[in-house]
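Peer 1: Pasting a structure below so you can have a look.
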Amino acid sequence: MEYSVQIMSPAAHILFWFVMVMTVASAALVVVAKKILHAAFALSICFLGVSGIYVFLHADFLAAVQLIVYVGGIIVLIMFAIMFSSHTQEAGGEGGRHYLALGAGAATALIVFTSVLMMVGKLNQPLAEQNNRAYEAYQHTVGITAADLAAEPQRLGLGHMLMGEYLLPFEVASILVLAALLGAVVIVRKETKG
Amino acid sequence: MVPLAEAGVFGWLLGLFSFKLVSCLALAGAIFAIGAWGVLARRNVLVMLISVELMLNAVMLTFVSFSRALVNMGPQLSNPYAAEGGQIFALFIIAIAAAEAAVGLAIVISYFRNRQTVDTREIRAMKN
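Chains A and B, in that order, give the protein sequences.
To convert, note that position 75 of the first sequence is 75 in this note's numbering; the numbers rise steadily by one, no gaps.
Counting the second sequence from 1 gives a position; this note's numbering is that position plus 1000.
Written out as structure tokens, the structure is:
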């Protein structure tokens, strides 16, 4: 069985790598920026980049949701919070020596990234093989014909899945968002005497 | 895929990143690592919240790349949920991240109104 290897045009390839580099660079800028407002701007660029990656992964709806919710909503919320909560807009005197925190953070980041890379490098080929083998076993047990294989696999849209299999989590999430909305209003509201 | 010992580090990485899944997972790993560093090393509560958002984004990216890889990789299982299952998870993560950001920023604003600081070194009202 052939694996369907996706081949991108050179232009798409260049765009893909540009978006990836932009995303990582802006993510790095988020955590090293001296002024916190700069961090928020870099964060919005990072979210834009992630949304672009979603487009490359054929998740168009998710890319739109990412733009609307993150760039349109959460970034604005964060900027409001920044402007409400700082006199100087400085990221808060980072001058003090906290080498322990810096070192621990750097070590954690390094370990996470290398382990992800090693894991992926180990997994990549066997994953395809295992998928193939499992599928053959499945085919053997269930008895799938060549006609079944040739047929386009059935795919449900996101909307059908949200309103069908995932209806309960969807409703629970809506209640959670409502509760968070009310909770945020209650927390921020000024105390009124009497 | 050539093993690491034969190809050398550079060739191994080059072969690794020719897969779109690997590139996206490495991107997600990098963003997650940067976010983890931000949470651990920065002293501003707002920057820490922003870093948590970065980490959530990395996790969503992982879900979406794996669900895309399930479509691309090998013969397709006739499971109609295989293709977009990861995107459903990402949607739920977005909803929960929005709720988390709203409540977290509300707490930060409320705290700043009472104590005039968002620095973790000075936030010790509940210590001891």
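Even for Gly, the Cβ is constructed at its ideal location relative to N, Cα and C.
In this text the structure is predicted, and so the values were computed from the model without any measurement.
Once DSSP output is grouped into helix, strand and coil, what is the label at Glu-1122(B)?
Peer 2: Note: Glu-1122(B) maps to coil in three-state DSSP.
Peer 1: Could you compute how far the alpha carbon of Val-76(A) sits from the alpha carbon of Leu-67(A)?
Peer 2: The straight-line gap from Cα to Cα measures roughly 12 Å.
Peer 1: Taking C-alpha atoms, which residue in Leu-1091(B), Tyr-1111(B) and Glu-1122(B) lies nearest to Ala-81(A)?
Peer 2: Per the Cα distances, Tyr-1111(B).
Peer 1: Using a Cβ cut-off of 7 Å, which residues of the stretch 173-194 of chain A contact any Cβ in chain B, in chain order?
Peer 2: Under the 7 Å Cβ criterion, the stretch 173-194 of chain A contributes Ala-173, Leu-176, Val-177, Ala-180, Leu-181, Gly-183, Ala-184, Ile-187 and Val-188.
Peer 1: Does Ile-1088(B) get closer than 7 Å to chain A when you measure Cβ to Cβ?
Peer 2: Closer than 7 Å to some Cβ of chain A, the Cβ of Ile-1088(B) qualifies, so yes.
Peer 1: Rounded to whole angstroms, what is the Cα-Cα separation between Val-1059(B) and Phe-1032(B)?
Peer 2: Cα-Cα distance, rounded: 8 Å.
Peer 1: For the stretch 23-84 of chain A, list the alpha helix (DSSP H) runs that are entirely contained and at least 4 residues long, ordered along the chain.
Peer 2: Those alpha helix (DSSP H) runs which fall completely within the stretch 23-84 of chain A and span 4+ residues are 36-56, 60-65 and 75-84.
Peer 1: Just checking, does the stretch 97-110 of chain A make contact with the stretch 1033-1044 of chain B on the three C-beta pairs under 8 Å criterion?
Peer 2: Counting Cβ pairs under 8 Å, three or more are found: they touch.
Peer 1: My understanding is that Gln-1116(B) touches Ala-59(A), with C-beta atoms under 8 Å, so please give their C-beta distance in whole angstroms.
Peer 2: Actually they are not in contact, since the Cβ atoms of Gln-1116(B) and Ala-59(A) sit about 43 Å apart, beyond 8 Å.
Peer 1: On a Cα-Cα basis, can you pick out the residue from Ile-78(A), Val-177(A) and Glu-171(A) that is closest to Ile-1109(B)?
Peer 2: Cα-wise, what sits closest to Ile-1109(B) is Ile-78(A).
Peer 1: At the level of alpha carbons, what is the spacing between Leu-37(A) and Gly-1008(B)?
Peer 2: Near 42 Å, if we compare the C-alpha coordinates of Gly-1008(B) and Leu-37(A).
Peer 1: Relative to chain B, which residues along the stretch 155-169 of chain A have a C-beta separation below 8 Å, given in chain order?
Peer 2: Of all residues in the stretch 155-169 of chain A, Arg-155, Leu-156, Gly-157, Leu-158, Met-161, Leu-162, Glu-165, Tyr-166 and Pro-169 have a Cβ within less than 8 Å of some Cβ in chain B.
Peer 1: Please confirm if Met-236(A) has its CB atom under 7 Å from at least one CB of chain B.
Peer 2: This structure cannot speak to residue 236(A), because chain A is shown only from 1 to 194.
Peer 1: Ignore the nearest five residues each way along the sequence and tell me which others in Phe-1089(B)'s own chain have a CB closer than 7 Å to its CB.
Peer 2: Around Phe-1089(B): Phe-1063.
Peer 1: With 7 Å as the threshold, decide whether the Cβ of Met-20(A) is near any Cβ in chain B.
Peer 2: At least one chain B Cβ lies under 7 Å of Met-20(A).
Peer 1: Can you tell which of Val-1045(B), Phe-1092(B) and Ile-1050(B) has the C-alpha that lies nearest to the C-alpha of Leu-158(A)?
Peer 2: For Leu-158(A), the nearest C-alpha among the options comes from Phe-1092(B).
Peer 1: Assuming Ile-1050(B) contacts Ala-39(A) (C-beta within less than 8 Å), just tell me the rounded distance between them.
Peer 2: With 8 Å as the limit, Ile-1050(B) and Ala-39(A) qualify as a contact, their Cβ atoms being about 6 Å apart.
Peer 1: Distance cutoff 7 Å, beta carbons only. Does Glu-1006(B) sit that close to anything in chain A?
Peer 2: Answer no: the Cβ-Cβ gap between Glu-1006(B) and chain A never drops below 7 Å.
Peer 1: Please compile the residues from chain B whose C-beta is within a distance smaller than 7 Å of the C-beta of Val-65(A).
Peer 2: The contacting residues are Leu-1091 and Ile-1094.
Peer 1: Listing by chain order, which chain B residues have their CB less than 7 Å from the CB of Leu-77(A)?
Peer 2: Within 7 Å Cβ-Cβ: Ala-1101, Ala-1102 and Leu-1105.
Peer 1: Relative to the alpha-carbon of Leu-48(A), which residue among Phe-18(A), Pro-169(A) and Tyr-166(A) has its alpha-carbon at the smallest distance?
Peer 2: If we check each option's Cα against that of Leu-48(A), Phe-18(A) comes out closest.
Peer 1: Rank Phe-56(A), Glu-165(A) and Ala-184(A) by C-alpha distance to the C-alpha of Met-13(A) and give the top, closest one.
Peer 2: It should be noted that the sequence gives His, not Met, for residue 13(A). Checking every option, the nearest Cα to that of His-13(A) belongs to Phe-56(A).
Peer 1: Under a CB-based cut-off of 7 Å, is Ala-101(A) close to chain B?
Peer 2: Yes, its Cβ sits closer than 7 Å to a Cβ of chain B.
Peer 1: May I ask you to list the residues that DSSP assigns as paired with Asn-1044(B)?
Peer 2: According to DSSP, Asn-1044(B) bridges with Asp-1119(B).
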